[in-house]
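J.: Line order of the protein sequences matches chains A and B.
Here this note's numbering is used: the first residue of the first sequence is 1, the next is one more, and so on.
Here this note's numbering is used: the first residue of the second sequence is 291, the next is one more, and so on.
Quick reminder that beta carbons are idealized off the backbone N, C-alpha and C, glycines included.
Take a look at the following structure, please.
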Amino acid sequence: MGIQFEKVNYLYARGTSQEKAALIDIDLAIDLHGFIAIIGHTGSGKSTLIQHMNAILQPTSGVVRILDKTIVGGKKNRDINIVRKRVGLVFQFPEYQLFEETVEKDIMFGPLNFGVSKEDAALKAREALKWVGLEQDFLSRSPLNLSGGQMRRVAIAGILAMEPDVLVLDEPTAGLDPQGQKEMMEMFYNLYVNQHKTIILVTHDMNFVAQYAKRIIVLNDGRIVYDGDTWDLFANYELIKKYHLDLPDITKLIIDIENKLGIKLDHKINTVENLAQALVQALGGANHAR
Amino acid sequence: MVPIVEISELYFSYDNKNLAINNLNLTIYEKEWVCILGHNGSGKSTLAKLLIGLLEPLKGAIKVNGKILSQDTVYDIRRETGIVFQNPDNQFVGSTVADDIAFGMENQQISREEMKERIDKYIRKVRMEAYLQHEPHLLSGGQKQRVAIAGALAMNTKILIFDEATSMLDPQGREDINTLIQELKNDGDKTIISITHDINEAMLADRVIVMKDGTVMTAGSPAEILKDEALMNDCGLDVPLTVKLSQELKKYNIIDDIYVKQEDLVNSLWEYNLKK
């Protein structure tokens, strides 16, 4: 189980002069309980890809298997609604979609839509609020009077209340301040570790990718051009250059130092302490003369 | 140095209970690039709104270009102050890029010829001349912000405020805008106030003002402020990676200083490597 793509193609504006292949021959297998990053430039197909993961979009050709549901390209697929409950998709700036008078009503909206009783939905709302790290007294507040970070947590709680197995997040830290970003990422990591959720993260922030995602998928012009270990990718400078990918700050610093000093360092170094030690070694040991 | 913005004993509250701005005093000088740093809720954006008269203070005075901001002077002062907001989607009114840049000028009885000239000049400045007849909503976030900057520049204001103008952009968009702000600074005729929590942006400014709880906590050069780990953590920010690596390398006597700019740190390592 999990999510599989087999030879998936997706055409936008099919049959018109604007027709464009947004996804080309996508083969992809995502097992449950992983933390995966999807990266690529604006227009590379990231959004199209993740919208296939809960059947908001259906392939033009090929097959997408989402948990126990099979979606065949070019066919009418029935009863796919249930998929949206099990794969929660959090769009960019999800707080813009809050609309109810209270936080509680907003979080309950999803479960109620899937036929959960009012009492159960209220219970799930309480639970979900805990997972996003907000106190229970938020339930009665208006979502529109919260800070940006709090609003986003409420929007995410609305998805979590449907108890999805998979959480797909499109740029979840955009627009938050550094502290808010860190807390948000810790929250997802916590959901991954303690709630056994599968986390699929679309982001431009390579520092977070490096820190949290073991596996990384790179999209370029609608194709998957890399699918593998995150640090193997960051250490592969040729691939990084070829697809104009961004690097974590530490890797950029390592490359700068290498170029200026004409020395070689390990590109997989991922902490400042380790980088300092590697530098000391490369420069002939600690300086005792001074 | 000639003061252009003088703020004294400023107070503001959204709800008449909590002070969003709490006894803020600040002077900004002509042609200076000032970066206002602080976490969400520190009062940065409230300050920006007070500066352009979108909000009215409870108490205190704001003087812009020698005039005290009041209901009588707010329109004059807005003529001195352009602003680019955080959300690229919330600041478009025109149906084409050109219309949008013209919008602000239309409110100021500027002649058609002059308008055309300015649109032409500033669309080039932001490198968006190929998009003049495009619909703004079809542009990327970074492109939208560049158009918004062209619109603000076309007003020929003395002061330009960037209110978290890069925080919703991808890395490329962010870099484009930061490069543009640097160019404006180098052109030397604007006072630039950038409100941000991006330390890479703060590094480029002349002076960094740190805000916390609605007031100025401290101010100084980027080098002084950004290497102060206790201060940065206290206002919910992190020191740059270069500062952390400098601290580590100092323990081994490889370098003597704490560097904020990557270039300076790498140069210092290069010198050490030559001498050893």
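Shorter than 8 Å from the beta carbon of A:I269 to some beta carbon of chain B?
T.: Here residue 269 of chain A refers to the residue found at position 269 when the first sequence is read from its first residue. Not closer than 8 Å to any Cβ of chain B, the Cβ of A:I269 fails to qualify, so no.
J.: Just to make sure I have the definition right: I need the residues of chain A whose C-beta is within less than 9 Å of the C-beta of B:K475. Which are they?
T.: Residue numbering aside, residue 475 of chain B sits at position 185 when the second sequence is read from its first letter. Chain-ordered listing is empty here: chain A has no CB closer than 9 Å to the CB of B:K475, the nearest sitting near 24 Å.
J.: Is A:K264 helix, strand or coil when you go by DSSP?
T.: As a working note, residue 264 of chain A is residue 264 in the first sequence. If DSSP states are grouped into helix, strand and coil, A:K264 belongs with coil.
J.: With 8 Å as the limit, tell me which residues of the stretch 169-185 of chain A have their beta carbon closer than that to any beta carbon of chain B; keep them in chain order.
T.: A174, G175, L176, D177, P178, Q179, G180
J.: A:I293 touches chain B at which residues, Cβ-Cβ below 8 Å?
T.: This structure cannot speak to residue 293 of chain A, because chain A is shown only from 1 to 290.
J.: Spatial neighbours of A:F188 within its chain, please: CB distance less than 6 Å, with the 5 preceding and 5 following residues excluded, ordered by chain position.
T.: Locating residue 188 of chain A in the first sequence gives position 188, where the first residue counts as 1. A distance below 6 Å between beta-carbons, with the five flanking residues on each side excluded, links A:F188 to the following residues of its chain, in chain order: I199.
J.: Which residues, taken in chain order from the stretch 27-43 of chain A, show a beta carbon closer than 9 Å to some beta carbon of chain B?
T.: Correct list: H41, T42, G43.
J.: So if DSSP puts B:P293 in a beta bridge, which residue, or which two residues, is it bridged to?
T.: Position 3 of the second sequence, counted from the start, is the residue given in the question as residue 293 of chain B. Beta-bridge pairing links B:P293 to B:Y319.
J.: For A:K242 and chain B, any beta-carbon pair shorter than 8 Å?
T.: The residue you call residue 242 of chain A lines up with position 242 of the first sequence. No - not a single Cβ of chain B is within 8 Å of the one on A:K242.
J.: CB-CB under 6 Å to B:L331, same chain, minus the five flanking residues each way: which ones, in chain order?
T.: In the second sequence, the residue the question calls residue 331 of chain B occupies position 41. For the record, residue 331 of chain B in the displayed sequence is Gly; it is not Leu. Counting only Cβ-Cβ distances below 6 Å, and skipping sequence neighbours, we find nothing.
J.: For A:R78, is the classification buried or exposed, using 16 other Cβ atoms within 10 angstroms of its Cβ as the cut-off for buried?
T.: Counting from 1 along the first sequence, the entry for residue 78 of chain A is found at position 78. With fewer than 16 other Cβ atoms within 10 Å, it is exposed.
J.: Considering A:Y237, what are the terminal residues of the beta strand (DSSP E) in which it resides?
T.: Here residue 237 of chain A refers to the residue found at position 237 of the first sequence. Run containing A:Y237: none in the beta strand (DSSP E); it sits in the alpha helix (DSSP H), 237-242.
J.: Under a three-way DSSP split, which group does A:T48 fall into?
T.: By 1-based counting over the first sequence, the position of residue 48 of chain A is 48. Looking at A:T48 - three-state DSSP - the assignment turns out to be helix.
J.: Beta carbons nearer than 7 Å to chain B: which residues of the stretch 192-204 of chain A have them?
T.: H204
J.: With a threshold of 16 other CB atoms inside 10 Å of the CB of A:H204, please say whether the residue is buried or exposed.
T.: The residue given as residue 204 of chain A occupies position 204 in the first sequence. The residue is buried, with at least 16 neighbouring Cβ atoms inside 10 Å.
J.: At a Cβ cut of 8 Å, what residues of the stretch 329-347 of chain B count as close to chain A, listed as they run along the chain?
T.: H329, N330, G331
J.: Counting Cβ pairs closer than 8 Å, one from the stretch 171-182 of chain A and one from the stretch 111-128 of chain A, do we hit at least three?
T.: no
J.: Report the option in A:V72, A:D221, A:L11, A:H288 whose CA atom is closest to the CA atom of A:G303.
T.: One cannot answer for residue 303 of chain A here, as it falls past the ends of chain A, which runs 1 to 290.
J.: Could you tell me whether the Cβ of A:A276 comes closer than 8 Å to any Cβ of chain B?
T.: For the purposes of this step, residue 276 of chain A is identified with residue 276 of the first sequence, where counting begins at 1. Yes, contact with chain B.
J.: I'd like the list of long-range same chain contacts for B:F375, defined as Cβ closer than 6 Å, with 5 residues on each side in sequence excluded.
T.: As a working note, residue 375 of chain B is residue 85 in the second sequence. Close CB contacts of B:F375 within its chain, under the 6 Å cut and outside five residues either way in sequence, are with Q381, D453 (chain order).
J.: Identify which residue in B:N543, B:L300, B:T447 has its Cα closest to the Cα of A:Q281.
T.: Here residue 281 of chain A corresponds to residue number 281 of the first sequence, with the count starting at 1. Shortest Cα-Cα distance from A:Q281 to any of B:N543, B:L300, B:T447 involves B:N543.
J.: When you compare each of B:M493, B:E425, B:N446 to B:T469 by their alpha carbons, which one comes out closest?
T.: What you label residue 469 of chain B is simply residue 179 of the second sequence in a count that begins at 1. Shortest Cα-Cα distance from B:T469 to any of B:M493, B:E425, B:N446 involves B:M493.
J.: Can you tell me whether B:G504 is helix, strand or coil according to DSSP?
T.: As a first step, residue 504 of chain B must be located in the second sequence, where it is residue number 214. In the structure shown, B:G504 sits in coil (DSSP, three-state: anything other than H, G, I, E or B).
J.: Alpha carbon to alpha carbon, how far is A:K214 from A:N81? Give it in angstroms, no decimals.
T.: Mapped onto the first sequence, residue 81 of chain A falls at position 81. Mapped onto the first sequence, residue 214 of chain A falls at position 214. In a straight line, the C-alpha of A:N81 is about 30 Å away from that of A:K214.
J.: Report the residue from A:A29, A:M1, A:T48 whose alpha carbon sits nearest the alpha carbon of A:Y12.
T.: Against the first sequence, residue 12 of chain A aligns to sequence position 12. Checking every option, the nearest Cα to that of A:Y12 belongs to A:T48.
J.: Is it true that the CB of B:Y412 sits closer than 8 Å to the CB of B:P347?
T.: Position 57 of the second sequence, counted from the first residue, corresponds to residue 347 of chain B. Position 122 of the second sequence, counted from the first residue, corresponds to residue 412 of chain B. Cβ distance not < 8 Å, so B:P347 and B:Y412 don't count as in contact.
J.: Out of B:G372, B:D524, B:N308, B:V533, point me to the one whose CA is closest to B:L344's CA.
T.: Within the second sequence, numbered from 1, the residue matching residue 344 of chain B stands at position 54. Of the listed residues, the one whose Cα sits closest to B:L344 is B:G372.
J.: CA-CA distance, B:I482 and A:S147?
T.: By 1-based counting over the second sequence, the position of residue 482 of chain B is 192. By 1-based counting over the first sequence, the position of residue 147 of chain A is 147. Answer to the nearest angstrom: the Cα atoms are 27 Å apart.
J.: Say whether chain B places a C-beta atom closer than 8 Å to the C-beta of A:K260.
T.: Counting from one through the first sequence, the residue named residue 260 of chain A turns up at place 260. Closer than 8 Å: yes.
J.: Among A:D25, A:D27, A:Y10, A:I26, which one has its Cα closest to the Cα of A:E19?
T.: For the purposes of this step, residue 19 of chain A is taken as the residue at position 19 of the first sequence. Closest option to A:E19, Cα to Cα, is A:Y10.
J.: I want to verify the contact list: residues of chain A whose CB lies under 9 Å from the CB of B:I297, in sequence order.
T.: Position 7 of the second sequence holds residue 297 of chain B. Chain A residues near B:I297: none, gap ~23 Å exceeds 9 Å.
J.: So is B:R402 buried or exposed if we call it buried at 16+ other beta carbons inside 10 Å?
T.: Stepping through the second sequence from its first residue, residue 402 of chain B is reached at position 112. Label assigned to B:R402: exposed.
J.: Please list the partners that A:N287 has in chain B, where partner means a Cβ-to-Cβ separation under 7 Å.
T.: Taking the first residue of the first sequence as 1, we reach residue 287 of chain A at position 287. Near A:N287 (Cβ distances below 7 Å), the residues of chain B are Y542, N543, I544.
J.: Are the C-beta atoms of B:Q552 and some chain A residue less than 8 Å apart?
T.: As a working note, residue 552 of chain B is residue 262 in the second sequence. At least one CB of chain A lies nearer than 8 Å to the CB of B:Q552.
J.: Using a 10 Å radius around the Cβ and a threshold of 16 neighbouring Cβ atoms, would you call B:T456 buried or exposed?
T.: In the second sequence, the residue the question calls residue 456 of chain B occupies position 166. Buried, since its Cβ has 16 or more Cβ neighbours within 10 Å.
J.: Return the Cβ separation of B:G504 and B:A351 in integer angstroms, given the expectation that the two are a contact with Cβ distance under 8 Å.
T.: Position 214 of the second sequence, counting from 1, holds the residue named residue 504 of chain B. Position 61 of the second sequence, counting from 1, holds the residue named residue 351 of chain B. That belief does not hold up - the Cβ atoms of B:G504 and B:A351 are roughly 16 Å apart, past 8 Å.
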